[in-house]
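Participant: Here it is: the structure, laid out below.
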Amino acid sequence: LRKSTLRGIRVPGIEDRLITKLFADDTTVYLHEEDDYGDLEKVLQDWCEASRAKFNVDKTEHIPLGSAAFRLALSSRTTQSNLGKTLPADARVIRDGETVRILGAWIGNDPDPEMPWKPIIATIERNLERWGRRRPTIYGRKLIVGMEIGSRTQFLAKAQGMPQTIEQKLITIIFDFIWNGEKKPRISRDMLLLPITEGGINLLDIATRNEAIELTWLRDYLALGPRR
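In structure tokens, the structure reads:
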């Protein structure tokens with residue numbers, strides 16, 4: 056791909072064109088609107104023949120980049136660009152509002168930011184209900200919160216952030232579980248979040264955790280050198 060005539064995408068300040076990113080068995084290719092899709096298919100066909108592997112065409116999805124008008128034209132096959140003319144008729148083009156999962160993150164144009172979180176929250180609520188039947192102690196509930204909520208939300212929060220509405224819902228879920236549904240708990244939220252040495256139980260503070268994740272984004276962005 057890097058040796059092909061495909062134009063890919065030029066990013067200001069970067070010498071090499073953006074043409075592909077590979078991780079394990081996932082491949083992302085970036086095409087210019089004047090690239091010929093047939094050229095990409097030829098490269099993939101040659102690679103498959105040489106490696107004796109098979110490219111999974113059925114799982115291939117296409118995300119248009121650019122203005123809303125261009126994205127609509129490409130998805131509706133009305134664009135006059137070379138890419139649009141050479142894109143196979145059966146190619147799946149992601150429309151605005153839809154997303155594609157790439158390495159655990161959900162990518163698309165104008166997506167619903169809560170969409171990726173809905174199945175995660177459903178799983179958390181289902182598992183907490185099962186754990187609750189075992190009548191765990193408050194310390195047991197604290198450990199369960201870390202396993203079920205902390206571990207299940209950290210990657211996606213790091214990959215693309217957590218909407219405020221989802222954060223608030225998770226906070227409600229955490230304390231409903233910790234208090235076992237009591238409407239007038241005897242221990243305040245702030246006290247539960249404190250370290251054990253200060254009288255708390257070191258309960259997961261989802262808001263502070265999310266703030267720390269955002270700070271790591273800022274740290275990486277401001278870092279000079281190849282890490283940026």
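Going by our numbering, the residue at position 32 of the sequence shown is 87; the numbering climbs one at a time, nothing skipped. Think of the CB as a built atom: it goes at the ideal place given N, C-alpha and C, for glycine as much as any other residue.
Could you check which residue in L138, I221, L158 and L86 has the C-alpha nearest to that of I179?
Facilitator: For the purposes of this step, residue 179 is taken as the residue at position 124 of the sequence shown. It is I221 whose Cα lies nearest to the Cα of I179.
Participant: Quick one: residues in its chain with C-beta nearer than 7 Å to the C-beta of L248, no 5 flanking neighbours on either side, listed in chain order?
Facilitator: The count along the sequence shown starts at 1 and reaches residue 248 at position 193. These residues qualify, in order along the chain: G255, L258 and D260.
Participant: Can you tell me where the beta strand (DSSP E) with D81 in it begins and where it stops?
Facilitator: Start at 1 with the first residue of the sequence shown, and residue 81 comes out as number 26. Unbroken beta strand (DSSP E) run through D81: D81 to V84.
Participant: According to the Cβ coordinates, are T60 and D94 closer than 8 Å?
Facilitator: Locating residue 60 in the sequence shown gives position 5, where the first residue counts as 1. Locating residue 94 in the sequence shown gives position 39, where the first residue counts as 1. In this structure, D94 lies closer than 8 Å to T60 by Cβ.
Participant: Would you mind reading off the limits of the beta strand (DSSP E) that contains T75?
Facilitator: Mapped onto the sequence shown, residue 75 falls at position 20. Unbroken beta strand (DSSP E) run through T75: T75 to F78.
Participant: N182: which of Y194, D165, V200 and S243 sits nearest, CA to CA?
Facilitator: Position 127 of the sequence shown, counted from the first residue, corresponds to residue 182. Answer by Cα proximity: V200.
Participant: Counting along the chain, where does the beta strand (DSSP E) carrying I157 start and finish?
Facilitator: The count along the sequence shown starts at 1 and reaches residue 157 at position 102. Run containing I157: V155 to I157, per the beta strand (DSSP E) assignment.
Participant: Take T208 as the anchor and find which of W234, G187 and I175 has the nearest alpha-carbon.
Facilitator: Here residue 208 refers to the residue found at position 153 of the sequence shown. If we check each option's Cα against that of T208, I175 comes out closest.
Participant: With a CB to CB cut of under 8 Å and the five nearest residues on each side skipped, what residues in its chain are close to T115?
Facilitator: Sequence index remark: in the sequence shown, residue 115 carries index 60 (1-based). For T115, where only same-chain residues beyond five positions count, the Cβ hits under 8 Å are A146 and R147.
Participant: Find out if the Cβ-Cβ distance for the pair T83, I157 is shorter than 8 Å.
Facilitator: Locating residue 83 in the sequence shown gives position 28, counting from the first residue. Locating residue 157 in the sequence shown gives position 102, counting from the first residue. In contact: T83 and I157 (Cβ atoms closer than 8 Å).
Participant: Measuring CB atoms only, is the stretch 184 to 196 touching the stretch 125 to 133, in the sense that at least three cross pairs come out at less than 8 Å?
Facilitator: They do not touch, by the three-pair rule.
Participant: Which two residues bound the contiguous alpha helix (DSSP H) that contains W272?
Facilitator: By one-based count along the sequence shown, residue 272 stands at place 217. Segment I261 to L277, the alpha helix (DSSP H) holding W272.
Participant: So I74 packs on L56, CB below 8 Å; how close in whole Å?
Facilitator: Within the sequence shown, residue 74 is the residue found at index 19, counting from 1. Within the sequence shown, residue 56 is the residue found at index 1, counting from 1. Contact holds; Cβ gap of about 5 Å.
Participant: If I measure Cβ to Cβ from E153 and keep anything under 7 Å in the same chain, skipping five residues before and after, which residues do I get?
Facilitator: By 1-based counting over the sequence shown, the position of residue 153 is 98. Closer than 7 Å at Cβ, skipping near neighbours: G163.
Participant: Roughly how many angstroms lie between the CA atoms of H117 and G205, to the nearest whole one?
Facilitator: Numbered from 1 along the sequence shown, position 62 holds the residue referred to as residue 117. Numbered from 1 along the sequence shown, position 150 holds the residue referred to as residue 205. Near 33 Å, if we compare the C-alpha coordinates of G205 and H117.
Participant: Closer than 7 Å by C-beta to L99: which residues in its own chain qualify, once you throw out the five before and the five after it? Chain order, please.
Facilitator: Position 44 of the sequence shown holds residue 99. Excluding residues within five positions, the ones whose Cβ falls inside 7 Å are F110.
Participant: Verify the CB distance criterion: does R241 have a CB-CB separation below 8 Å to chain B?
Facilitator: Among the chains in the structure shown there is no chain B, since it carries only a single protein chain.
Participant: What residue from L138, N137 and D151 has the CA that sits closest to R126's CA?
Facilitator: Locating residue 126 in the sequence shown gives position 71, counting from the first residue. The residue with the shortest Cα to Cα distance from R126 is D151.
Participant: Considering just the uninterrupted stretch of the beta strand (DSSP E) at I162, what are its terminal residues?
Facilitator: Looking up residue 162 in the sequence shown gives position 107. Unbroken beta strand (DSSP E) run through I162: A160 to I162.
Participant: Could you check which residue in E266, I228 and A214 has the C-alpha nearest to that of A177?
Facilitator: Residue numbering aside, residue 177 sits at position 122 when the sequence shown is read from its first letter. Nearest C-alpha to A177: I228.
Participant: What is the residue span of the alpha helix (DSSP H) that T192 lies within?
Facilitator: As a position in the sequence shown, residue 192 is number 137, starting the count at 1. Note, T192: premise wrong, no alpha helix (DSSP H); not H, not E.
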